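Novice:
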Amino acid sequence: MGYEELFPTNDLNGWHANAAKRFASPFVDNYHDRIDVDPIILSNAAVQCGFTIRDFYEKPELGIHCVGYISELFDLLPVTHWFFSLPWVRELGLTLVYKDTLPPVSTGPIYEPTAEGIENMRVIEKEELKKGTTIPLFFGLYDYVQKNLPHTLVPISYGFDLVGAPAEFVGVENFIMWTFTEPDLAHKVVDTFVETSINGADVMSDKYGMAMLIVGSVLANNDIFADEQVEEFSAKKMGYYVDQCFRKGAGPQVFYHLCGNHETSYKVFKDNLTWSPFNVLHIGYKGPKEFPAELLKQEFQDVTTCMGSVDTKLMINPNPKVVYEHAKETLLAGRDAKKGFILGTACETPPYTIPGNLLALTRAARDFGTYGTW
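Sequential numbering of the sequence shown, starting at 142, is according to our numbering.
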């Protein structure tokens, strides 16, 4: 029995048709219904459908069905996504293992943290990527979606964390030290991963056309780096990655995800990222609290659709009213952003998020997520 036999078809003429118009609203300047809610649903969708976190990552076709089904349940996005934070690393030599309660994780560094240790590190070219692990995985998944969930298909290519992923090759602690003591070596490690990721996006766009891009600054945040390091090793690399992917036919839709604490480093991104008419910017935290929607709007509304946040810690707290009130504050502060606004959570929805808290997000969007001040 195929996974498609486990799920009823989405309500295409009712929920999906309305959600698709809402999804397009910020990009076509034709506001519909209310502000969208994107709590970055991943393995939580599998858990809510009775499966496990491991099932979500080991069985991507099952996982993406769960995302589509839960998206309808809570009136979220009309498109599906499935990913983890370490694409392309296996082609570069890392070994990933599946865990019961985590996304796939690396078994550890493979290069000695010395110049000699990384001298043979090289960019993986397109033809070699096609024979690797990541491209066949994504091709298989998107071909499955195209056949069984075509109304939700958005092919996506991931650079994701252009600092954190390559740091795995020499050890995260060693890499952080290198950014201060051996910046040329740190750049080589990052640039190898960035160029490989660009080639991956090129392969994806060859097959699917304008594949969406998701790229983030996760390790490079203010809990670890000063603004100067975030700019040098993350913001500029992200801008270059997207620019080169555009030139190879990927995009133009981009989701920029600045994970963690960007208390002051948020200032380095606007002038360094590559913008299109179809990008969304999401910043998780400013210090220990959600990044203020008012500040997000003030700084970025001229160049991008803004995605405001509700703290992920609240999503596992059995108090939907608190989630609702935080969502209300976020919506009222950001809903009149010039290029549109989206309500999200500060990072991926935790796997064991309480369903009542997800409903609280959607309820708040219905009650307060209208555009402008009406």
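Think of the CB as a built atom: it goes at the ideal place given N, C-alpha and C, for glycine as much as any other residue.
Here the structure is a predicted model, which is why all the values come from computation and not from measurement.
Between the stretch 476-486 and the stretch 162-169, do three or more beta carbon pairs fall short of 8 Å?
Specialist: yes
Novice: Would you kindly work out how many angstroms separate the C-alpha atoms of Tyr493 and Glu260, rounded to a whole number?
Specialist: Reading the sequence shown from its first residue, position 352 is the one you call residue 493. Reading the sequence shown from its first residue, position 119 is the one you call residue 260. Rounded to whole angstroms, Tyr493 to Glu260 spans 43 Å at the Cα level.
Novice: How would you write the range of the beta strand (DSSP E) that Ile297 sits in, first residue to last?
Specialist: The sequence position of residue 297 within the sequence shown is 156, counting from 1. Unbroken beta strand (DSSP E) run through Ile297: 297-302.
Novice: Note down the Cα distance separating Asn154 from Phe509, rounded to an integer number of angstroms.
Specialist: Within the sequence shown, residue 154 is the residue found at index 13, counting from 1. Within the sequence shown, residue 509 is the residue found at index 368, counting from 1. Looking at the two C-alpha atoms, the distance is approximately 25 Å.
Novice: Identify which residue in Asn420, Asp368, His403, Glu314 has its Cα closest to the Cα of Gly393.
Specialist: Here the question's residue 393 lines up with position 252 in the sequence shown. For the record, residue 393 in the displayed sequence is Pro; it is not Gly. It is Asn420 whose Cα lies nearest to the Cα of Pro393.
Novice: What are the start and end residues of the beta strand (DSSP E) that includes Cys386?
Specialist: Here residue 386 refers to the residue found at position 245 when the sequence shown is read from its first residue. Careful: Cys386 lies outside any beta strand (DSSP E), inside the alpha helix (DSSP H) at 377-388.
Novice: Taking the continuous beta strand (DSSP E) assigned at Tyr426, which residues delimit it?
Specialist: Here residue 426 corresponds to residue number 285 of the sequence shown, with the count starting at 1. Note, Tyr426: beta strand (DSSP E), 420-427.
Novice: Thr446 by DSSP, collapsed to three states: which one?
Specialist: The residue labelled residue 446 in the question sits at position 305 within the sequence shown. Reduced to three states, the DSSP call for Thr446 is strand.
Novice: With 16 other CB atoms within 10 Å as the buried threshold, where does Phe321 fall?
Specialist: What you label residue 321 is simply residue 180 of the sequence shown in a count that begins at 1. Looking at its Cβ environment, which holds fewer than 16 other Cβ atoms inside 10 Å, Phe321 is exposed.
Novice: Between Leu473, Glu440, Pro219, which has its C-alpha nearest Tyr407's C-alpha?
Specialist: Residue 407 sits at position 266 when you count from the first residue of the sequence shown. That would be Glu440, whose Cα lies nearest to the Cα of Tyr407.
Novice: Assuming Thr337 contacts Leu235 (C-beta within less than 8 Å), just tell me the rounded distance between them.
Specialist: For the purposes of this step, residue 337 is taken as residue 196 along the sequence shown, with counting starting at 1. For the purposes of this step, residue 235 is taken as residue 94 along the sequence shown, with counting starting at 1. Not really, about 12 Å apart at Cβ, beyond 8 Å.
Novice: So Glu404 and Asn340 are in contact, right, with Cβ under 8 Å, and what is the actual spacing, rounded?
Specialist: As a working note, residue 404 is residue 263 in the sequence shown. As a working note, residue 340 is residue 199 in the sequence shown. Going by Cβ atoms, the distance from Glu404 to Asn340 rounds to 34 Å, so no, they are not a contact pair.
Novice: Of all the beta strand (DSSP E) runs that stay within the bounds of the stretch 163-242, which reach a length of 3 or more residues?
Specialist: 177-179
Novice: Gly497 and Pro461 look like a contact to me (Cβ under 8 Å); what is the Cβ gap, rounded to whole Å?
Specialist: One-based indexing of the sequence shown puts residue 497 at position 356. One-based indexing of the sequence shown puts residue 461 at position 320. Contact holds; Cβ gap of about 4 Å.
Novice: Is the stretch 235-246 in contact with the stretch 202-222, if contact means three or more CB pairs nearer than 8 Å?
Specialist: no
Novice: Going by the CB atoms, is the gap between Asp216 and Thr503 shorter than 8 Å?
Specialist: Taking the first residue of the sequence shown as position 1, residue 503 is located at position 362. Taking the first residue of the sequence shown as position 1, residue 216 is located at position 75. Contact: yes.
Novice: Cα separation between Lys162 and Ile251?
Specialist: What you label residue 162 is simply residue 21 of the sequence shown in a count that begins at 1. What you label residue 251 is simply residue 110 of the sequence shown in a count that begins at 1. For Lys162 and Ile251, the distance between alpha carbons rounds to 47 Å.
Novice: Could you name the residues of the same chain whose beta carbon sits closer than 6 Å to that of Pro219, not counting the 5 residues immediately before and after it, in chain order?
Specialist: One-based indexing of the sequence shown puts residue 219 at position 78. In chain order, His157, Ala160, Ala161, Phe164 place their CB closer than 6 Å to the CB of Pro219, counting only its own chain and leaving out the 5 sequence neighbours on each side.
Novice: Tell me which residues share the same chain as Leu282 and place their Cβ nearer than 8 Å to its Cβ, disregarding the 5 neighbours each side in the sequence.
Specialist: Counting from 1 along the sequence shown, the entry for residue 282 is found at position 141. Pro201, Glu202, Ile205, Trp223, listed in sequence order.
Novice: Checking the sheet assignment: what are the DSSP bridge partners for Leu354?
Specialist: Residue mapping note: residue 354 aligns to position 213 of the sequence shown, counting from 1. In the DSSP output, where bridge partners are listed per residue, Leu354 has Ser298, Val395.
Novice: Output needed for Val178: all residues of its chain with C-beta closer than 6 Å, excluding positions within five of it in sequence on either side, in chain order.
Specialist: As a working mapping, residue 178 is identified with position 37 in the sequence shown. Correct list, in chain order: Leu217, Leu484, Leu502, Thr503, Ala506.
Novice: Can you check which of these residues, Val304, Val230, Ala256, is closest to Gly273 by C-alpha distance?
Specialist: In the sequence shown, residue 273 corresponds to position 132, counting from 1. Minimum Cα distance to Gly273 is reached at Val230.
Novice: Going straight from the alpha carbon of Glu470 to that of Thr150, what length do you get?
Specialist: Residue mapping note: residue 470 aligns to position 329 of the sequence shown, counting from 1. Residue mapping note: residue 150 aligns to position 9 of the sequence shown, counting from 1. Computed Cα separation, rounded: 35 Å.
Novice: Can a CB atom of chain D be found closer than 8 Å to the CB of Lys430?
Specialist: Included in the structure is just one protein chain, with no chain D present.
Novice: At which residues does the alpha helix (DSSP H) containing Thr337 begin and terminate?
Specialist: Translated into the one-based positions of the sequence shown, residue 337 becomes position 196. Here the alpha helix (DSSP H) through Thr337 covers 324-349.
Novice: Over the uninterrupted beta strand (DSSP E) stretch that includes Leu484, give me the two end residues.
Specialist: On the sequence shown, residue 484 is found 343 positions in, with the first residue counted as 1. Run containing Leu484: 482-486, per the beta strand (DSSP E) assignment.
Novice: Please report the residue range of the alpha helix (DSSP H) in which Gly249 lies.
Specialist: Numbered from 1 along the sequence shown, position 108 holds the residue referred to as residue 249. Counting along the chain, Gly249 falls outside any alpha helix (DSSP H), and DSSP gives it neither H nor E.
Novice: By the 10 Å Cβ neighbour count, where 16 or more other Cβ atoms means buried, how is Thr125 classified, buried or exposed?
Specialist: What the structure shows of the chain is the stretch from 142 to 515, and residue 125 is not part of that stretch, so it cannot be assessed.
Novice: Specify the secondary structure class of Glu260 as computed by DSSP and reduced to three states.
Specialist: What you label residue 260 is simply residue 119 of the sequence shown in a count that begins at 1. Here Glu260 sits in coil by DSSP.
Novice: Quick one: residues in its chain with C-beta nearer than 7 Å to the C-beta of Val246, no 5 flanking neighbours on either side, listed in chain order?
Specialist: In the sequence shown, the residue the question calls residue 246 occupies position 105. So the list reads Leu237, Val238, Lys240, once near-sequence residues are dropped.
Novice: Is the beta carbon of Ile359 less than 8 Å from the beta carbon of Gly305?
Specialist: Indexing the sequence shown from 1 puts residue 359 at position 218. Indexing the sequence shown from 1 puts residue 305 at position 164. Checking the displayed sequence, the identity of residue 359 turns out to be Val instead of Ile. Yes. Within cutoff.
Novice: Under 8 Å, do Ile516 and Ile297 count as touching if we go by C-beta distance?
Specialist: Residue 516 lies beyond the residue range present for the chain, which begins at 142 and ends at 515; the question has no answer from this structure.
Novice: Do you know whose CA, among Asp343, Phe410, Val335, lies nearest Asp368's CA?
Specialist: Within the sequence shown, residue 368 is the residue found at index 227, counting from 1. The shortest Cα separation from Asp368 among Asp343, Phe410, Val335 belongs to Phe410.
Novice: According to DSSP, is Tyr281 helix, strand or coil?
Specialist: As a working note, residue 281 is residue 140 in the sequence shown. Checking the sequence, you will find Gly at residue 281 rather than Tyr. Helix at Gly281.
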